[in-house]
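Asks:
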Amino acid sequence: RMFVEGVLWIVRTGCPWRDLPEAFGDWNSVFRRFSRWSRKGVWCRIFEAMSDDPDFEYLIVDSTIVRAHQHAAGAKKGGLK
64 RMFVEGVLWI VRTGCPWRDL PEAFGDWNSV FRRFSRWSRK GVWCRIFEAM
114 SDDPDFEYLI VDSTIVRAHQ HAAGAKKGGL K
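In our numbering, the protein residues as written are 64 to 144.
(1) Could you check the C-alpha separation between Gly104 and Met113 for me, to the nearest Å?
(2) From this set, Val93, Trp80, Asp82, which residue's C-alpha is nearest Arg64's C-alpha?
(3) Just to confirm before moving on: does the CB-CB distance between Trp100 and Trp90 stay below 7 Å?
(4) Measuring alpha carbon to alpha carbon, tell me which of Trp72, Arg95, Gly77 ends up nearest Pro84.
(5) Report yes if the C-beta distance between Arg102 and Phe66 is below 7 Å; otherwise report no.
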């Protein structure tokens, strides 16, 4: 699990592998496993398996339906004028 979370951290942040926090393990080990999985098509198979599930779309929050507090959107005090 920590390996996958480490890969997701890299994808989200766009940081180089060397900047991977130690909490995810040795960056070089994580990178080597990521490369090995990529060469063997593991990531493609995972993506295909997840995208084949018709109910999977309900696990993803669509930001168009999420309501936020007015201050979360950066509204000025006093509202619209």
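We put the CB at the ideal spot given by N, CA and C, even for glycine.
Predicted, not measured: the structure shown is a model, and the values here were computed from it.
Replies: If we stick to the structure as given:
(1) Roughly 14 Å separates the two Cα atoms.
(2) Ranking Val93, Trp80, Asp82 by Cα distance to Arg64 puts Val93 first.
(3) No, they are not a contact pair.
(4) Ranking Trp72, Arg95, Gly77 by Cα distance to Pro84 puts Trp72 first.
(5) Using a Cβ distance threshold of 7 Å, Arg102 and Phe66 do not count as a contacting pair.
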